Amino acid sequence: YFPGFPDRTRLVSLPEPVFSELLPLIDNLVELKVTLHCLWRLSQMGAGTPPAQGSGPAHPPGSPTPAPDASPPTPYLRRRDLLADPVLRAGLGEEPAQAIAEGLERAVVRGTLLHVRVRQDDQEEDWYFANSPRGRAAVQALREGRWPAATPAPLQVQVQRPTIFTLYEQTIGLLSPLIADELREAEATYPPAWIEEAFHRAAEANVRQWRYVRAILERWAREGKEDEARPEASDGRRFIQGKFGDYVEY
Numbered sequence: 004y005f006p007g008f009p010d011r012t013r014l015v016s017l018p019e020p021v022f023s024e025l026l027p028l029i030d031n032l033v034e035l036k037v038t039l040h041c042l043w044r045l046s047q048m049g050a051g052t053p054p055a056q057g058s059g060p061a062h063p064p065g066s067p068t069p070a071p072d073a074s075p076p077t078p079y080l081r082r083r084d085l086l087a088d089p090v091l092r093a094g095l096g097e098e099p100a101q102a103i104a105e106g107l108e109r110a111v112v113r114g115t116l117l118h119v120r121v122r123q124d125d126q127e128e129d130w131y132f133a134n135s136p137r138g139r140a141a142v143q144a145l146r147e148g149r150w151p152a153a154t155p156a157p158l159q160v161q162v163q164r165p166t167i168f169t170l171y172e173q174t175i176g177l178l179s180p181l182i183a184d185e186l187r188e189a190e191a192t193y194p195p196a197w198i199e200e201a202f203h204r205a206a207e208a209n210v211r212q213w214r215y216v217r218a219i220l221e222r223w224a225r226e227g228k229e230d231e232a233r234p235e236a237s238d239g240r241r242f243i244q245g246k247f248g249d250y251v252e253y
């Protein structure tokens, strides 16, 4: 039972597209809870807006301190902090760690969060940024070794790809045991970048069928992958009526 909002409380600032574009797309309760929690935490740190005068640096405890007169690092969330967050864990059932991992992966596939794995001093950490202009710039800077400047040891960054199972659930629907076996075989056969792009092309063409994705992968393996021009969203049926048309049921 929720007793209601108090008279005075802190307000959370979120971009309008969260409500007008993102929330209508989310159909998984775990993803919804994890997404809103992450956006709330990032908002608390000042994600997407410069910090107010005198508010202190907008980065989490333990992250490198920016150099004097330098712009503060873009706020990010660490996976280990989220796994230990009592507020997040409280609403995710008997296995909160598993639910948090699932929610984060879904949010990354959705494009809500950006995920990088950072190695420093022989230790790995998973960092999550909002997929905002500041977040994208921070991830790019990490890839180029330009951020955070105050870090004494070099950072090695690996951008994490979503698993084939998450791509399937996000693009097509619920998994079945038979499909899961096919996905494992495909994951062992094709490069991860091919799999991710094939699912994205299926989504662009609005053909949410595994046989369509599989046909794309098989063709690339047989004929070689070309850098084909992607159609505009309004012209997605070009894929349906073209070389993969036989795999689509009307």
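Under the numbering used here, the residue at position 54 of the sequence shown is numbered 57, and the numbers go up by one with no gaps. Just so you know, even glycine gets a beta-carbon here, dropped at the ideal spot from N, CA and C. These numbers come from a predicted model, not from an experiment.
In the DSSP output, which residue or residues are listed as bridge partners for residue i?
i, result
"W254", "With the chain covering only 4 through 253, there is no way to say anything about residue 254."
Tell me which same chain residues have a C-beta within less than 7 Å of the C-beta of residue i, skipping the five on either side of it?
i, result
"T12", "none"
"W223", "W197"
"N31", "R109"
Only counting the same chain, and skipping five residues up and downstream in sequence, which positions put a Cβ closer than 8 Å to that of residue i?
i, result
"E34", "E105, G106, R109, A110, R113"
"K228", "W197"
"L28", "R113"
How about residue i and residue j: are their beta carbons less than 8 Å apart?
i, j, result
"L117", "V142", "yes"
"P49", "P78", "Sequence inspection shows Gly at residue 49; the Pro mentioned does not correspond to that position. Yes, Cβ-Cβ distance for G49 and P78 is below 8 Å."
"F202", "L170", "yes"
"L145", "F168", "no"
"T128", "R81", "In the sequence on display, residue 128 carries Glu and not Thr. Taking 8 Å as the Cβ cut-off, E128 and R81 qualify as a contacting pair."
"A183", "R217", "no"
"L45", "A133", "yes"
To which residues of the same chain is residue i closer than 6 Å at the C-beta, ignoring the five residues directly before and after it?
i, result
"L2", "For residue 2 there is no data in the structure shown, the boundaries of the chain being 4 and 253."
"P99", "R92"
"H40", "L91"
"S16", "S46"
"D10", "none"
"T38", "A110, T115"
"A206", "T174"
Kindly confirm or deny that the region 166–185 and the region 206–214 touch, where touching means at least three C-beta pairs closer than 8 Å.
yes
So within the region 11–56, which uninterrupted alpha helix (DSSP H) runs reach at least 4 residues, ignoring any that extend past its ends?
32–48
So does the region 88–103 actually touch the region 18–27, counting three or more Cβ pairs closer than 8 Å?
no
To test your reading of the DSSP string, which unbroken beta strand (DSSP E) runs of 3 or more residues are found completely within the region 159–222?
159–162
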